[in-house]
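This report concerns only the one structure given below.
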Amino acid sequence: MHRRTLILLIALGVVVRVAASQSPVVRADGPPAWGPGVRLVPLGVLGTLNGPPEYALASVRLFAATGQGDFYLYDGQATQVRHYAADGTFLRNIGREGSGPGEYRDLLGLALDGDSLLVTWDPRNRRVTYFGTDGTLRRSFLPQIPSVLFGADVFEVDAQRRVIIQVDAREETNVYMRFAPDGTVIDTLRGSTAGEQGFMVNSPEGARYTFVRKLLAKPTPLGGLLRGSTRTLGFTVDLAGRTRTVERRTTEIPLDPVERAEWERVVTVVNTRPNRGSAPLLRIPGTKPAMRGFFGDRDGRVWLDTYTRAEVRAASPAEAGRARITRFERATFEVFGVDGRYLGRIVLPVGHALLEARGDRLWSYTSGPDDEIRVAFYRIVTAAGQPVP
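Just so you know, the sequence shown maps onto residues 935 to 1323 in my numbering.
Rendered as structure tokens:
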């Protein structure tokens, strides 16, 4: 009797320790909840070669969309946030360049607090500002942070209205501070980014890293940090103080010989730069990791930016004689619910980079026939043509 009790306690102790140190893994290996053949139906395009700056876009640095389909973008070259209706009609400017109330010198963050408040992060003025949807200044606060970090994914507002700002990125660790809407410090979050070193190449589908195996961490509107590894098709998310890990079975895709040779020529150029110092030499592997990155949307979904088989595209005449890439991958996302459901696969058109997704709508960044900047918007539908739930 005593021996049986001891064995039971030992077994329970193991379960408790594993549960305390690791989040349970939810397998998402089943068929897609949206069904096969999910596709994008074009709804419209914003962006012209000539015309007023509201339509002849100079740049699209940041983007946020509401559940009703209207959206905001930050034109970094014009230093202006603009608000557009769901059909792409310009509605109003939000704030303006400057250092006074309701002004900004540069923005590294643009997010929604619900659908009624737009929140901006201006690192040069060190100010978080809240605007109403009508463009009126509501309030602002100066976050007490030890340093300012310039880069991508440094700002978020989560579903609990907490503001998340990245303040450090040393020793392969991203450090974020979390604030209440009044600017009160709540806590600090840390996420590891340990792994291989790589470099970034600008492609028609946006900035793409080489095929590195590393850990990932970034803030998410779902709450806290979204974590994962490029080796695994999956993610770990913080939910009300608890973590959940979701994974789906996948097989690594080999680089075809020409594709790998092209990347190796580019790597040779990078490895022989005089400013590399003692940094380890970069390499191109024989197979691609499961994914290159991810993000969480405001509807409880996680989008995994996956590697796929490359397509052959002609190089431009200007690239002749240079180390160049002619094998590109379409932007392809595997979409999951935070509850562990596998929802489906979304493949963007050639030359499009995903900006945002809300409900059954998706926005992408692309260029027109004269290289004019464009924002395209779509409805996500099932194979039967019904909007995804």
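Think of the CB as a built atom: it goes at the ideal place given N, C-alpha and C, for glycine as much as any other residue.
Going by C-alpha positions, P1138 is about 16 Å away from E1193.
Beta-bridge analysis with DSSP links H1017 to Y1006, R1026.
Residue environment analysis places A1317 among the exposed positions, since fewer than 16 neighbouring C-beta atoms fall within 10 angstroms of its C-beta. The C-beta of G1029 has 16 or more other C-beta atoms within 10 Å across all chains shown, which makes the residue buried. Counting along the chain, the unbroken alpha helix (DSSP H) around R1194 starts and ends at 1191-1205. A direct Cα-Cα distance of roughly 16 Å separates L977 from S1301. DSSP links R973 through a beta bridge to V1315. DSSP, reduced to helix, strand and coil, places R1039 outside both helices and strands of the structure shown, so it counts as coil. Between the segment 1049-1060 and the segment 1073-1091 there are three or more C-beta pairs closer than 8 Å, enough to call the two in contact. Beta-bridge partners of F1262 (DSSP): E1245.
For P1208, the three-state secondary structure derived from DSSP is helix.
Per DSSP, the continuous beta strand (DSSP E) segment holding E1090 begins and ends at 1089-1091.
DSSP lists V959, T1170 as the beta-bridge partner residues of T1179. In chain order, L1041, L1042, G1043, V1062, F1089, I1099 place their CB closer than 7 Å to the CB of W1055, counting only its own chain and leaving out the 5 sequence neighbours on each side.
Closest by C-alpha distance to D1304, out of L1156, V960, G981, is G981. If the five residues before and after I1218 are omitted, its C-beta is found closer than 8 Å to the C-beta atoms of T1144, F1145, L1189, R1194, W1197, E1198, V1201, all from its own chain and listed in chain order. Counting along the chain, Q1100 sits inside the beta strand (DSSP E) bounded by residues 1097-1104. Relative to R1095, the option among P1115, A1086, R1210 whose CA is nearest is P1115. About 5 Å separates the beta carbon of E1290 from that of A999, a gap short enough to meet the 8 Å contact definition. DSSP lists Y1038 as the bridge partner or partners of E1031. Judged by DSSP in its simplified three-state form, I1280 adopts strand. Collapsing the DSSP output to three states places V1269 in a strand. Residue state for S1126 is assigned as strand, using DSSP reduced to three classes.
Closest in alpha carbon position to T1067, among F1084, A1045, P1077, N1059, is A1045. Scanning its chain for C-beta atoms nearer than 7 Å, with the 5 sequence neighbours on each side dropped, one finds around A1012 the residues P987, A992, in chain order.
Within the same chain, and ignoring the five residues on either side of Q1078 in sequence, the residues whose Cβ sits closer than 8 Å to its Cβ are G1117, V1119. Annotation for P1080: V1101 place their beta carbon closer than 7 Å to its own, counting only its chain and skipping 5 residues before and after. Out of L1071, L1282, T1177, F1262, the CA that lies nearest to the CA of V1272 is found in T1177. Judged by beta-carbon spacing, V1180 lies beyond the 8 Å limit of A967, meaning their Cβ atoms are not closer than that value. A straight-line Cα-Cα distance of about 43 Å links V972 and F1075.
Between G1001 and G1293 the beta-carbon gap is near 6 Å, inside 8 Å, which marks them as a contact. Around the beta carbon of F1270, 16 or more other beta carbons sit within 10 angstroms, so the residue counts as buried.
Partner residues in a beta bridge of I1120, as assigned by DSSP, do not exist.
For T1240, the number of other beta carbons within 10 angstroms of its own is at least 16, and it is reported as buried. The beta-bridge partner set that DSSP reports for L1051 consists of D1047, G1066. Of the candidates L1150, S1298, N1209, D1172, L1150 places its Cα closest to the Cα of G1227.
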